[in-house]
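Following this note's numbering, the numbering of the sequence shown begins with 16 at its first residue and continues without gaps.
Where a beta carbon is used, it is the ideal one built from N, C-alpha and C, also for glycine.
All values derive from a computational prediction rather than experimental measurement.
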Amino acid sequence: MTSGGSGSWRRALGFPLAVLLAATGFAWAPTTAHAVTEPQLQVQLDQLNVSGSDPDDTVKITATVTNASADPVYGVQAILWRSRDPIRDPATLRKAAAAEAGWGSRMSATPDHYRLVTRSTEPFAPGAKIELQLKATLGDLGFDTTGAAYAFGVQVLGTSDQSSNYSVAGQIRTFVSLPGDAVPLTSAVLLSTTPTKVVDGLFRSEALSAELTGRLDALLSAAARPGHSWLIDPELLDEVRDQADGYQVLSDGKTVPGTGATIAAGWLARYQQLDRAWGGRTLYANPDVVGAAAADDPAVLSRAKSVGESVLGLSDLPLVVVPNGLTLDQTTVEYLAGLDDAAVLARNSNSTQVLTPTTGGPTVVSVAGALATAEDSSELETRLLSLAATVVAGNSGQLRLISSTAELAKDEASRPDWVEPRSLAALLASAKSGSPELVEQPSQTLLPDDFARLAQVQRDFATYQEVAPNAAIVDQQSPAVARLSASAWVQDPQGRNDLLRALGDRVGPRVLADGIELHASSRFVMSSRTNEFPITVTNELADQIQVIVRVVSDNPQRLNVPPSKVFTIDPGQSQTVNIRPEASSNGVMTATASLVTASGHRITGGTRIVIEVTDLGMVAWIIVVISGVVLVGATAFRIRQVRRRNAAAERTTEPESTE
16 MTSGGSGSWR
26 RALGFPLAVL
36 LAATGFAWAP
46 TTAHAVTEPQ
56 LQVQLDQLNV
66 SGSDPDDTVK
76 ITATVTNASA
86 DPVYGVQAIL
96 WRSRDPIRDP
106 ATLRKAAAAE
116 AGWGSRMSAT
126 PDHYRLVTRS
136 TEPFAPGAKI
146 ELQLKATLGD
156 LGFDTTGAAY
166 AFGVQVLGTS
176 DQSSNYSVAG
186 QIRTFVSLPG
196 DAVPLTSAVL
206 LSTTPTKVVD
216 GLFRSEALSA
226 ELTGRLDALL
236 SAAARPGHSW
246 LIDPELLDEV
256 RDQADGYQVL
266 SDGKTVPGTG
276 ATIAAGWLAR
286 YQQLDRAWGG
296 RTLYANPDVV
306 GAAAADDPAV
316 LSRAKSVGES
326 VLGLSDLPLV
336 VVPNGLTLDQ
346 TTVEYLAGLD
356 DAAVLARNSN
366 STQVLTPTTG
376 GPTVVSVAGA
386 LATAEDSSEL
396 ETRLLSLAAT
406 VVAGNSGQLR
416 LISSTAELAK
426 DEASRPDWVE
436 PRSLAALLAS
446 AKSGSPELVE
456 QPSQTLLPDD
466 FARLAQVQRD
476 FATYQEVAPN
486 AAIVDQQSPA
496 VARLSASAWV
506 QDPQGRNDLL
516 RALGDRVGPR
526 VLADGIELHA
536 SSRFVMSSRT
546 NEFPITVTNE
556 LADQIQVIVR
566 VVSDNPQRLN
576 VPPSKVFTID
586 PGQSQTVNIR
596 PEASSNGVMT
606 ATASLVTASG
616 HRITGGTRIV
626 IEVTDLGMVA
636 WIIVVISGVV
646 LVGATAFRIR
656 QVRRRNAAAE
666 RTTEPESTE
């Protein structure tokens, strides 16, 4: 890799440097006590050519050395560096690429291996540039093993103070690959995108059309080339099919006709021509299985699997799980344990072999990854590292996952004649029993709160289904929730929020509260213990609804109001139902009327009602009864008085006796 001066190489200076300096006429002196600015040079790799694999074949390197600093550098000299240890496994290559290993040494200062740029008293001035070429035979380098890669490069030495205190001012670190037998190579093109579908026929943007004419257009063309495998996300296929027969798009809060139906139909026709023997499918929407495992949410996996299986025309393709960042950990392996018929991709596996765990679960397939390189590594250095990764894969072969045009270009640039195309199916068929060695790596995932929101969306769908059981949208719950689990949202949280908002506008609580209206008089008067009062409900939704009117009294001991029965209202229609309050005393009381589902879930806000109870009919009957009692009592008393008076009168009018 190209870089400036680095202390990581000083461990290798020691005796070889003393030999070098002696050979070039410089004397070694101990380091002075005062601080000296380390020289900095840029070294750019221009070419690296290997003529063959025999000991007499040569490795020729061309590089450009530039002093991009503000200070001159003295005694500039370049020499080949190499490690004679063959690299034959990904773990060792990973360490070498990250410069974690300090092995290796500079070569002897022969004319082919060494170049003196300036002497110790001559400055290599700021802005100065020189191209140099060095070479060595494979025998001189000690590169004698095929089917391996070797660390190789150039070190440029110099000093900033015209002393003999030489240090590495710049360097190139790269790799020479010596192929042996042909290496099986599986280049799998991933056809997937960030979800834009809200529900059937409705999309949150036209982003898919842009993808189908850009990135996905190039990837589909690559998938159709001989020797290339491909993976299709069922969610993408679902979206393309939906757009191909016409669709609507959300725009500034409105719904407008989509413009990409022809684009979708054309892409779909080309997809249908792909060779299915070289294909595979992923879980629906490529869910964040690592995050779901950490959140202990098994529904994410089961939902994605079942929804994916419902997408027609994919059941014959092998199932491949693609974790976010292609990073796998043991928790996720256990989370995926039920997928015995599937494979899972992992970039952090040290094994080149496809392995099926003896304890069950998906087959683990190692994926060629972007190994650690310096930030200023050139395209050539990246390609040489990719070739090294391919050659160390050996007979086990290599899988490259291609999901962007940049990855596609790198794949095309790193397909030498010593690789042999192998299909995805053949790669999976090569699996052996064993447990992969996973290198612990951090991985970005969705947050626990993101998975918790899935439960709220499910509750919203369930409530809408209760209100409108015959609505077509209720059958789309599982796909809609599965799209919200996509690992693509890790890099696009705002897009996920937009999709959540769009779903809420279709099935959320606000939709029901705004789309169903309850109308009732603000005051009722009851003239008896039980009365009937009308309440009208209007359905402004596009679906038929089934609801109940529930009235809750503030004082249920004095006023009880039974709920209505379930009644049905068609879209755009109104219906009036009668409620029958039951009062136990007179007075003014309040109650709240609202609409609920059959299970009692409230779906509208409350409407306040004042109910006045006078009960006049009962009072009248009481007066009649009391009046009757008084009348009967007075009549009986009068009769008794009359009888007493008549008896007294009889006693005072008796006839006189005769003699």
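In chain order, Ala404, Gln413, Arg415 place their CB closer than 6 Å to the CB of Ala383, counting only its own chain and leaving out the 5 sequence neighbours on each side. Take Asp104, set aside five residues on each side of it, and the residues of its chain with a beta-carbon closer than 8 Å to its own are Asn365, Thr367, Val407, in chain order. Looking at the DSSP output, Thr77 bridges to Gln62, Gln148. Cβ-Cβ distances below 8 Å link Ala197 to Trp433, Val434, Glu435 in the same chain, with the five nearest sequence neighbours on each side left out; the list follows chain order. Straight across, the Cα-Cα distance linking Leu327 with Val255 is about 13 Å. At a Cβ-Cβ threshold of 8 Å, Arg285 and Asp331 do not count as neighbours. The stretch 315 to 329 and the stretch 246 to 263 touch, with three or more beta-carbon pairs separated by less than 8 Å.
Pairwise C-beta distances place the stretch 467 to 479 out of contact with the stretch 212 to 229, as fewer than three of them are shorter than 8 Å. If you draw a straight line from the Cα of Arg109 to the Cα of Val454, it comes to about 11 Å.
According to the DSSP secondary-structure assignment, His616 is paired through a beta bridge with no residue. By the criterion of a C-beta distance shorter than 6 Å, Val337 is surrounded in its chain by Thr297, Asn301, Leu360, once the five residues flanking it on both sides are discounted. For Pro199, the enclosing beta strand (DSSP E) starts and ends at 198 to 206.
Contact between Thr73 and Lys150 holds, since their C-beta atoms are separated by about 5 Å, short of 8 Å.
The beta strand (DSSP E) runs lying completely inside the stretch 252 to 320 and spanning 3 residues or more are 263 to 266, 269 to 272, 294 to 297, given in chain order. Under the three-state reduction of DSSP output, Pro494 falls in the helix class. Counting only runs of 3 or more residues that sit fully inside the stretch 89 to 158, the beta strand (DSSP E) segments are 129 to 131, 144 to 152, in chain order. The stretch 599 to 616 makes contact with the stretch 571 to 583, as at least three CB pairs between them are under 8 Å. Around the beta carbon of Arg525, fewer than 16 other beta carbons sit within 10 angstroms, so the residue counts as exposed. Rounded to whole angstroms, Ser536 and Gly216 show a C-alpha spacing of 41 Å. Out of Ser317, Gly294, Thr81, Ile624, the CA that lies nearest to the CA of Pro549 is found in Ile624. If the five residues before and after Asp513 are omitted, its C-beta is found closer than 6 Å to the C-beta atoms of Arg219, all from its own chain and listed in chain order. Under the 10 Å beta carbon count, Leu462 is surrounded by fewer than 16 other beta carbons and is classified as exposed. Distance from Gln57 to Ala85 at the Cβ level is roughly 13 Å; contact not present, criterion being Cβ atoms closer than 8 Å. Restricted to the stretch 497 to 563, the alpha helix (DSSP H) segments that are unbroken, complete and at least 4 residues in length are 508 to 522, 524 to 530, listed in chain order. In the structure shown, Leu217 adopts extended strand secondary structure according to DSSP, grouped into three states.
Under the three-state reduction of DSSP output, Asn339 falls in the helix class. Residue range 463 to 482 is occupied by the alpha helix (DSSP H) that includes Gln473. Secondary structure of Pro249 (DSSP, three-state): helix.
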